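Visitor: Dumping the structure here so I can ask a few things about it.
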Amino acid sequence: MKKSIFDAQKITPMKINKRIILLSLIVLFGAIQLIRPERNQQTNPSRYDIFHKTDTDPLVIAQVQSACYDCHSNRTAYPWYASVAPVSWMISQHVKDGKKHLNFSEWILYPQDRQAHKLDEIIEVLQQDEMPPKPYQWLHKESVMKPESRQLVLSWASKLKSDLSNSNQ
0 MKKSIFDAQK ITPMKINKRI ILLSLIVLFG AIQLIRPERN QQTNPSRYDI
50 FHKTDTDPLV IAQVQSACYD CHSNRTAYPW YASVAPVSWM ISQHVKDGKK
100 HLNFSEWILY PQDRQAHKLD EIIEVLQQDE MPPKPYQWLH KESVMKPESR
150 QLVLSWASKL KSDLSNSNQ
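If you count the sequence shown from 1, position 168 lands on 167 in numbering that gives the first Met the number 0, and the numbers rise without skipping.
Now the structure itself:
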């Protein structure tokens with residue numbers, strides 16, 4: 000006589016508990032996918048953007064956008080895994096925190112003293128190689144700043160700070 004996989008001798012309470020736990024985890028994982036954070040995807044460039052109507056070097060714009068804009072603007076380019084909870088929740092929180100600290104899409108709305116302070120911070124974090132954060136760079140190779148690109152952005156930020164200081168006098 001052929002034994003069934005459902006034979007009472009083979010299914011122990013321990014196996015049943017493991018199956019229930021596994022099934023519960025799968026259902027829970029599926030259910031949390033329904034809880035989606037708001038996306039940070041402004042479709043049109045902001046008229047308050049730091050680069051709006053400027054004659055900034057296109058290389059500077061490209062470097063700042065690829066290294067900084069995902070967390071510090073209203074135009075985040077989300078990777079595929081940003082649609083999977085709980086990773087989506089963490090990314091959403093990182094973007095909110097980044098924008099709270101500095102939002103390039105709302106730059107023109109900042110008072111000049113805040114702009115000057117933010118430029119000082121940009122210069123500092125670039126000089127100390129603190130931005131973009133290393134874990135972000137591991138996942139987003141395009142955000143890695145080569146020394147010459149870093150220097151180009153540093154020069155731009157310093158010049159912008161100088162221009163801002165001169166306009167206040």
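Don't be surprised by glycine CBs; every beta carbon is placed ideally from N, CA and C.
For clarity, every value in this text was computed on a predicted model and none was experimentally measured.
So the alpha helix (DSSP H) Phe28 belongs to, where does it begin and stop?
Guide: Pro12 to Ile31
Visitor: Looking at the secondary structure, which residues open and close the alpha helix (DSSP H) in which Lys52 lies?
Guide: Run containing Lys52: none; DSSP gives neither H nor E here.
Visitor: Apart from the five residues on each side of it in sequence, which residues of its chain come closer than 8 angstroms, Cβ to Cβ, to Val86?
Guide: Tyr80
Visitor: Taking the straight line between their C-alpha atoms, what separation do you get for Ala30 and Gln150?
Guide: 47 angstroms
Visitor: By a C-beta neighbour count over all protein chains shown, 10 Å radius and 16 as the cutoff for buried, is Met144 buried or exposed?
Guide: By the beta-carbon neighbour count (other beta carbons within 10 angstroms, threshold 16), Met144 is buried.
Visitor: Can you list, in chain order, the stretches of the alpha helix (DSSP H) that have 4 or more residues and sit fully within the stretch 82-116?
Guide: 86-100
Visitor: Considering only the beta carbon of each residue, do His71 and Asn43 sit closer than 8 angstroms?
Guide: no
Visitor: Assuming Trp106 contacts Tyr47 (C-beta within less than 8 angstroms), just tell me the rounded distance between them.
Guide: Contact flag correct, Cβ pair sits at about 6 angstroms.
Visitor: Who does Arg74 pair with in a DSSP beta bridge?
Guide: Gln40
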